[in-house]
Amino acid sequence: MSANISKSVKAPGKPGRTVAILFVALLAFSALAFFQNDKVKLGLDLRGGTSVTLTPKAGEQVTAAAINTAVSIIRERVNSLGVSESTVSAQGTGANQQIVISVPGITGQAVVNEVGQTAELRFRQVLASGAGNATTSAVNSVTTSTKNKNGVATKSAPVATFPAGVTAALNAQFAALDCTKASNRLGGSVDAPSAPLVTCDQTGATKYILAPAQVLGSDIKGASASLDQTSGNGWQVLLDFDGNGTTKFGNLTKSVTSLAAPQNEVAIVLDGLVVEAPRIIQAITAGNAQITGNFTQATASTLANNLKFGALPLSFDRGDVQQVSPTLGANQLHDGLLAGAIGLLLVIFYSVLYYRGLGLVSVGSLAVAGGTTYLLFLLLGKWIGFTLSLAGIAGAIVSIGITADSFIVYFERLRDEVRDGRTLRTAVETGWSRARRTIIVADFVSLIASAVLYFFAVGDVRGFAFTLGLTTFVDLFVVFFFTKPLVSALSKVKFYSNGHRLSGFSAKSLGVVTGKDAQ
């Protein structure tokens with residue numbers, strides 16, 4: 001006959017209150033998701049999306065290294081916009097290589113257009129400026145008068161006077177460029193930094209003759225978007241220069257402060273077009289600058305991300321943007337969800353059959369974990385652009401096993417404690433103190449695997465890794481804030497504490513033979 005041995009253990013908290021707080025939190029997130037009025041965003045393979053092919057422009061030196069660098073930069077830009085499940089890949093060989101970008105959803109075209117920018121940033125002194133359709137950059141013309149041998153006064157042809165640094169050849173380019181035509185404001189060109197540049201601003205209202213670049217995008221250490229709280233000019237992009245860039249930008253701003261307009265202006269040139277040309281009043285030597293303009297939060301964030309991750313090594317022509325049909329039909333998606341549902345039902349059936357009344361805790365834990373995961377899919381889709389693909393669904397299905405493993409570890413430890421003669425209420429605490437380390441270590445291994453997959457893989461594999469990591473966190477949350485408190489609460493119920501034959505703690509369930517059973 002076994003004896004009941006009660007050991008002193010740390011008294012449990014208030015499990016009922018813990019479970020109540022959990023459900024209040026879930027209700028709050030449910031209300032937030034309801035008012036957000038959004039659905040789970042599906043990935044490219046489940047709902048289709050947008051695809052575009054970027055082709056290097058004529059004259060570009062296309063190499064495998066340049067294409068791979070461009071793919072890496074574009075992928076970082078897409079990910080920084082919060083768009084998951086996107087694919088960026090190179091196709092073709094040699095000089096015929098192209099980059100294909102596929103983004104889920106109907107907003108993919110805007111994303112593709114943004115991340116495909118070359119993002120070559122230059123800081124150039126303004127030598128001359130004029131209206132978008134100005135015919136010359138000359139500030140004035142000089143006419144000289146002379147007398148011939150007969151004493152008759154004659155006038156020579158007017159001679160144009162150009163601003164300092166402007167040549168007749170540059171003036172001819174300036175006159176020929178009509179910035180009022182949209183075709184002259186497409187941008188995307190990689191201008192030679194060591195040569196002067198004749199170009200337009202992004203609106204076409206002004207055109208410029210600019211000096212060779214003195215500060216390049218490669219001199220930028222970091223970039224971020226922020227709201228201008230002081231002057232109320234809306235969104236701006238803040239730039240931080242590295243040590244070399246700080247020196248060069250300080251020298252540039254110092255050299256123009258004493259000049260007359262417009263040569264006291266420094267043009268900020270992005271992909272061959274002037275974003276802004278502010279007048280420099282004093283030298284800027286602190287190593288930072290800001291770009292202001294007609295930015296929205298989205299455009300400012302896009303520009304900051306493009307500058308932060310660097311310029312593309314090649315300039316590209318954008319091909320036709322096409323809508324991509326889902327790569328998986330409704331039948332395949334239905335079969336995948338059906339497989340997950342069958343697996344879930346089998347886990348529930350086994351838990352109830354083996355653990356009897358205690359199996360209800362595992363069913364409740366799976367239900368809470370599933371509901372929490374679904375809410376996170378809804379909220380993260382709105383907050384960070386998370387999209388669910390078939391690979392992500394696979395990660396969620398795998399998490400069923402992870403959650404089942406956690407409560408099985410705890411339940412078996414708990415039953416071992418009861419077999420050793422402890423009361424159920426005591427076994428709940430001693431079993432938990434010994435099981436939780438195993439649960440944490442097991443889940444930590446899953447988190448490490450998810451992190452490695454996420455950071456070293458691309459495309460759908462990252463979706464699987466993200467979902468697996470997310471659901472592993474959910475498992476820890478549910479075990480600590482639902483499974484354990486619920487078991488503590490049930491241990492006070494006579495049905496469980498007295499070892500009812502359907503409770504999962506009967507002598508038969510535990511494999512314990514008492515004196516009465518032996519008779």
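Note that our numbering has the sequence shown beginning at 1, numbered continuously upward. Note that beta-carbon positions come from the ideal geometry of N, C-alpha and C, so glycine has one too. Please read these numbers as outputs of a predicted model, since none were measured by experiment.
Inset, instruction - Would you identify the three-state DSSP class for residue 226, choosing helix, strand or coil? - result: It is a strand residue.
Legend entry - For residue 179 and residue 234, believed in contact at Cβ under 8 Å, the rounded distance: At roughly 24 Å, the Cβ-Cβ gap does not stay under 8 Å, so residue 234 and residue 179 are not in contact.
Legend entry - Nearest-angstrom Cα separation, counted from residue 454 out to residue 16: Cα to Cα, the separation comes out at about 37 Å.
Inset, instruction - Compare the Cα-Cα distances from residue 391 to each of 43, 29, 445 and 315 and report the closest residue. - result: Of the candidates 43, 29, 445 and 315, the one whose C-alpha sits nearest the C-alpha of residue 391 is 43.
Legend entry - First through last residue of the alpha helix (DSSP H) which encompasses residue 273: According to the DSSP assignment, residue 273 belongs to no alpha helix (DSSP H) but to the beta strand (DSSP E) extending over 273–276.
Inset, instruction - Using the Cα positions of residue 409 and residue 313, report the straight-line distance between them to the nearest angstrom. - result: In this structure, the CA atom of residue 409 is about 53 Å from the CA atom of residue 313.
Inset, instruction - Give the range of the beta strand (DSSP E) segment to which residue 236 is assigned. - result: Unbroken beta strand (DSSP E) run through residue 236: 234–241.
Inset, instruction - Please report the Cβ distance between residue 214 and residue 248, rounded to the nearest whole angstrom; I am assuming they are in contact, meaning their Cβ atoms lie under 8 Å. - result: About 6 Å separates the two Cβ atoms, so the contact holds.
Inset, instruction - Sort 482, 406 and 382 by Cα distance to residue 545 and report the nearest one. - result: Because the chain spans 1 through 519 in this model, residue 545 falls outside it and cannot be assessed.
Inset, instruction - Closer than 8 Å by C-beta to residue 204: which residues in its own chain qualify, once you throw out the five before and the five after it? Chain order, please. - result: Result list for residue 204: 132, 179, 180, 181, 182, 184 and 185, in chain order.
Inset, instruction - Report yes if the CB atom of residue 277 is closer than 8 Å to the CB atom of residue 126, and no otherwise. - result: Yes. Within cutoff.
Legend entry - Touching by the beta-carbon criterion (3+ pairs, under 8 Å), the stretch 361–381 and the stretch 436–447: Under the 8 Å Cβ criterion, the stretch 361–381 does not count as touching the stretch 436–447, having fewer than three qualifying pairs.
Legend entry - residue 508, DSSP secondary structure in three states: Here residue 508 sits in helix by DSSP.
Legend entry - Three-pair Cβ contact test at 8 Å for the stretch 363–370 versus the stretch 430–438: A contact between stretches requires three or more CB pairs, one per stretch, nearer than 8 Å, and the stretch 363–370 fails this requirement with the stretch 430–438.
Inset, instruction - Please classify residue 359: does DSSP put it in a helix, a strand, or coil? - result: Of the three classes helix, strand and coil, the one that applies to residue 359 here is helix, per DSSP.
Inset, instruction - Please name the residue or residues paired with residue 288 in a DSSP beta bridge. - result: Beta bridge pairing from DSSP links residue 288 with 240.
Inset, instruction - In angstroms with no decimal places, state the Cα-to-Cα distance between residue 130 and residue 177. - result: Rounded to whole angstroms, residue 130 and residue 177 show a C-alpha spacing of 11 Å.
Legend entry - Sequence-distant residues of its chain with Cβ nearer than 6 Å to residue 490 (five each side left out): Result list for residue 490: 496, in chain order.
Inset, instruction - Kindly indicate which residue of 14, 89 and 387 has the alpha-carbon position closest to the one of residue 524. - result: Past the edges of the chain, shown from 1 to 519, lies residue 524, and the structure says nothing about it.
Inset, instruction - Within its chain, find whatever has a CB closer than 7 Å to the CB of residue 296; leave out the 5 residues flanking it on each side and keep chain order. - result: The residues 235, in chain order, have a CB closer than 7 Å to that of residue 296 in the same chain once the five nearest residues on each side in sequence are set aside.
Legend entry - Under the three-state DSSP convention, the category residue 196 falls into: Of the three classes helix, strand and coil, the one that applies to residue 196 here is coil, per DSSP.
Legend entry - From 426, 303, 352 and 244, residue whose alpha carbon lies closest to that of residue 287: For residue 287, the nearest C-alpha among the options comes from 244.
Inset, instruction - Report the three-state DSSP secondary structure of residue 18 (helix, strand or coil). - result: Note: residue 18 maps to helix in three-state DSSP.
Legend entry - residue 207 - containing beta strand (DSSP E), residue span: Counted as a single uninterrupted DSSP element, the beta strand (DSSP E) harbouring residue 207 occupies residues 206–210.
Inset, instruction - State the Cα-Cα distance for the pair residue 227 and residue 60, rounded to the nearest angstrom. - result: Between residue 227 and residue 60, the C-alpha separation is close to 37 Å.
Inset, instruction - Let me know if residue 14 comes out buried or exposed under the rule of 16 or more other beta-carbons within 10 Å of its beta-carbon. - result: Counting the other CB atoms within 10 Å of its CB gives residue 14 a total below 16, which places it among the exposed residues.
Inset, instruction - Tell whether a beta-carbon distance below 8 Å holds between residue 269 and residue 124. - result: Yes, the pair counts as a contact, with Cβ atoms nearer than the cut-off.
Legend entry - Start-to-end residues for the beta strand (DSSP E) that takes in residue 54: Where residue 54 is concerned, the enclosing beta strand (DSSP E) stretches over 49–56.
Inset, instruction - Report all residues from its chain with a CB closer than 7 Å to the CB of residue 499; omit the five preceding and five following residues, and keep chain order. - result: Excluding positions up to five away in sequence, the list reads 505, 506 and 507.
Legend entry - Boundaries of the alpha helix (DSSP H) in which residue 262 is found, first to last residue: No alpha helix (DSSP H) holds residue 262; DSSP gives it neither H nor E.
Inset, instruction - Look up residue 463 in the DSSP assignment and give the residues it is bridged to. - result: According to DSSP, residue 463 bridges with nothing at all.
Inset, instruction - Compare the beta carbon distance of residue 196 and residue 175 with 8 Å and say whether it is the shorter of the two. - result: Here residue 196 is not near residue 175, since their CB atoms are 8 Å or more apart.
Inset, instruction - Measure the Cβ-Cβ separation of residue 225 and residue 257 and say whether it is below 8 Å. - result: No. Outside cutoff.
Legend entry - C-alpha gap between residue 401 and residue 54, whole angstroms: Each residue's alpha carbon lies about 42 Å from the other.
Inset, instruction - Kindly indicate which three-state DSSP category residue 201 falls into: helix, strand or coil? - result: Strand, per DSSP.
Legend entry - DSSP-derived helix/strand/coil call for residue 501: Correct three-state label for residue 501: coil.
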